[in-house]
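Count along the sequence shown from 1, then add 208; that gives the number in this note's numbering. Here a beta-carbon is modelled for each residue, glycine too, at the ideal position from N, C-alpha and C. Given the structure is predicted, the values throughout are model-derived calculations rather than measurements. A quick write-up on the structure given underneath.
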Amino acid sequence: MTETDIEKFVNAPGRDELVKEVREKIDRLGIEYLYLQFVSITGKIMGKGIPSDHWESVASKGFQLVYGATVNLFTNRRGDYLGYGPESAELVGIPEPETMVQLPWDNRIARFYCTLFRNREEREDPGAFLTADCRGNLRRLHDEFKGKHGGLHLRMGTEPEMMWLKRDADGKPAGGFSKPFCYHIDQFESLRPVYMKVIEYSRRMGLDMIQGDHEDAPGQLELNWMFDEVLRNADRLTTYRQICAQVAREFNLIACFMSKPFVGVSASGCHHNLSLWHGGEETFRRTGNDAGNLPGMEQNFMYLTGGENTFMPDGDDPQLPGKTGLMTIGGIVAHLRALTAVGSSTVNSYRRLWDTGFWAPVFADWGFQNRTTGLRVSAPGRFEYRSVDSMVNPYLMGSVILAAADDGIENELDPGPPEERNIYEAIEAGKEVKRLPMSLGEALDALKADEVIQRGMPGEMFRLFHEYKTDEWERFMHTVTDWDVDTYLDCLP
């Protein structure tokens with residue numbers, strides 16, 4: 209009898225040893241409780257908690273949760289559950305032993321990421337991988353990409369801007385904690401207790417922090433860690449958000465990842481720096497931890513380094529990427545409009561794109577260190593995808609970037625010459641450039657028309673994402689705002 213996906217996963221070679229190693233970590237570190245986490249289609253952290261006494265059982269059998277948890281268990285504006293109704297079966301989540309790490313703010317608790325499966329007793333595809341699992345999809349799509357392109361793999365580095373907001377007496381936002389002075393050390397210093405706590409927790413959980421600064425919005429910081437293989441980087445961005453939420457509780461602040469909470473100042477972007485590589489080796493990073501007494505499994509502290517960066521120039525022009533890089537740019541530029549639905553995934557995201565005076569990318573073009581284009585070569589060997597903000601689901605973003613890159617390489621798409629001019633000046637000079645969608649509704653239409661990008665949302669993922677985001681757009685469109693009242697209340701007679 210053929211093994212199901214869940215059976216293959218649980219019985220994978222070497223997994224039993226990892227399960228035993230986790231037990232040793234649990235006992236040595238005094239872990240009493242386990243968070244079993246997965247990520248919804250919008251990037252929200254979901255899951256269950258169990259006492260650590262039951263580790264071996266849950267490692268083998270997993271836990272069950274309603275399918276709708278992958279869609280945040282929300283209802284649409286008509287009151288129906290999004291994605292899955294109450295009659296749907298329950299998914300099975302299997303924790304990945306190698307992702308276990310102790311929470312630095314409560315040493316009694318450890319966190320695991322999980323892979324999701326269809327229920328073992330379902331009539332169709334029992335025990336199969338659940339395609340509503342954005343994280344599991346990214347792993348499988350990346351494996352397919354590597355197999356198709358001779359081991360070529362995607363590495364990613366993300367730049368998560370976010371804002372630290374004060375709370376009023378009712379707990380509501382009361383402006384940014386600091387003043388909107390970009391790169392200002394004094395304003396950076398004003399948030400030192402906050403960001404140092406974030407860095408402390410991040411390093412304990414395996415994030416190799418490399419730099420940070422104060423950006424040009426109230427309370428806006430950007431803290432960066434070393435780039436890595438695309439799935440592990442997405443896990444670290446998710447972990448970073450979880451850390452920021454905890455630090456906000458400790459300081460009675462709001463960790464705001466909303467793209468545009470203020471007008472007249474920059475929004476919070478999350479630029480994705482990407483490159484395609486052959487080879488490399490796993491390298492351990494201490495990140496402030498004792499290598500012989502890690503607060504978790506070693507994989508949390510490993511980074512893929514070295515190898516051949518196929519985006520590096522292979523000619524005399526140091527600004528021009530090699531052939532693989534150019535074809536990848538060709539694929540991304542060709543599909544930028546559909547990609548925007550994933551990178552700028554909320555109604556609020558488009559406030560950022562409309563506020564063009566703050567370097568938000570609104571045109572489907574590329575250039576070398578040109579911040580007026582949607583994609584730029586930020587340095588030799590890497591591209592910065594700019595049409596993405598801090599609300600992004602990094603697993604979906606990685607998946608659809610792989611789909612665009614695959615199309616570019618397979619069909620040898622030519623991105624054209626890099627644009628060296630300010631894109632607005634180039635357009636005034638007669639250049640024809642496609643504009644990115646300027647609303648969530650327009651972006652969703654572009655996604656619906658792009659079969660290539662939908663390959664990065666396999667199985668049920670495209671249906672679920674499009675349904676969820678369409679409802680979000682419709683909710684906005686049927687809402688009367690303060691702007692409506694201020695503009696039209698006394699309009700006539």
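Going by beta-carbon coordinates alone, are residue i and residue j separated by less than 7 Å?
| i | j | result |
| --- | --- | --- |
| residue 511 | residue 436 | yes |
| residue 667 | residue 447 | no |
| residue 326 | residue 336 | yes |
| residue 522 | residue 530 | yes |
| residue 611 | residue 540 | no |
| residue 256 | residue 244 | yes |
| residue 534 | residue 360 | no |
| residue 549 | residue 644 | no |
| residue 672 | residue 300 | no |
| residue 599 | residue 554 | yes |
| residue 416 | residue 404 | no |
| residue 253 | residue 266 | no |
| residue 421 | residue 430 | yes |
| residue 622 | residue 284 | no |
| residue 480 | residue 364 | yes |
| residue 217 | residue 302 | yes |
| residue 706 | residue 460 | Because the chain is modelled from 209 through 701, residue 706 falls outside the range shown and cannot be assessed. |
| residue 520 | residue 589 | yes |
Relative to the alpha-carbon of residue i, which residue among the options has its alpha-carbon at the smallest distance?
| i | options | result |
| --- | --- | --- |
| residue 486 | 459, 356, 598 and 537 | 356 |
| residue 273 | 674, 283 and 323 | 323 |
| residue 366 | 443, 398, 404 and 454 | 443 |
| residue 419 | 396, 570, 471 and 458 | 396 |
| residue 222 | 376, 305, 260 and 351 | 305 |
| residue 571 | 542, 686 and 614 | 542 |
| residue 330 | 344, 678 and 298 | 298 |
| residue 609 | 647, 453, 503 and 345 | 345 |
| residue 546 | 431, 674, 527 and 215 | 674 |
| residue 231 | 292, 288 and 309 | 309 |
| residue 504 | 214, 307, 290 and 689 | 307 |
| residue 427 | 246, 456 and 451 | 456 |
| residue 241 | 302, 315 and 682 | 315 |
| residue 401 | 458, 380 and 683 | 458 |
| residue 362 | 500, 515 and 219 | 515 |
| residue 470 | 557, 616 and 658 | 557 |
| residue 488 | 518, 282 and 663 | 518 |
Rounded to a whole number of angstroms, what is the C-alpha to C-alpha distance between residue i and residue j?
| i | j | result |
| --- | --- | --- |
| residue 560 | residue 264 | 47 Å |
| residue 594 | residue 584 | 8 Å |
| residue 212 | residue 312 | 37 Å |
| residue 275 | residue 685 | 28 Å |
| residue 702 | residue 591 | For the chain, the structure presents residues 209 to 701; residue 702 sits outside this window and is missing. |
| residue 408 | residue 513 | 24 Å |
| residue 234 | residue 227 | 11 Å |
| residue 239 | residue 250 | 30 Å |
| residue 695 | residue 563 | 20 Å |
| residue 627 | residue 574 | 6 Å |
| residue 650 | residue 377 | 39 Å |
| residue 288 | residue 620 | 44 Å |
| residue 248 | residue 656 | 20 Å |
| residue 526 | residue 453 | 41 Å |
| residue 295 | residue 271 | 19 Å |
| residue 690 | residue 551 | 27 Å |
| residue 566 | residue 576 | At residue 566, the pLDDT of 49 sits below 50, so the modelled position is not reliable; the number obtained from the coordinates is stated separately. In a straight line, the C-alpha of residue 566 is about 19 Å away from that of residue 576. |
| residue 341 | residue 210 | 23 Å |
Does any residue of chain D have a CB that is nearer than 7 Å to the CB of residue i?
| i | result |
| --- | --- |
| residue 339 | Among the protein chains of the structure shown there is no chain D, as only one such chain exists. |
Exercise for the section: State whether the stretch 428–443 contacts the stretch 598–606, with contact taken as three or more CB pairs (one from each stretch) at a distance under 8 Å. Expected result: Verdict: yes, contact present.
Practice task
Say whether the stretch 363–375 touches the stretch 469–476, bearing in mind that this needs 3 or more beta-carbon pairs closer than 8 Å, one atom from each stretch.
Solution key: yes
Exercise for the section: Report yes or no: do the stretch 377–386 and the stretch 407–421 share at least 3 C-beta pairs separated by less than 8 Å? Expected result: Counting Cβ pairs under 8 Å, fewer than three are found: no touch.
Handout entry: alpha helix (DSSP H) segments (min. 4 residues) lying fully within the stretch 600–688
Key = 602–618, 631–636, 648–656, 659–662 and 669–685
Problem - Segments assigned beta strand (DSSP E), at least 3 residues, entirely inside the stretch 343–388 - result: 361–375 and 381–384
Handout entry: Those runs of the beta strand (DSSP E) which lie wholly inside the stretch 442–482 and span at least 3 residues
Key = 462–464
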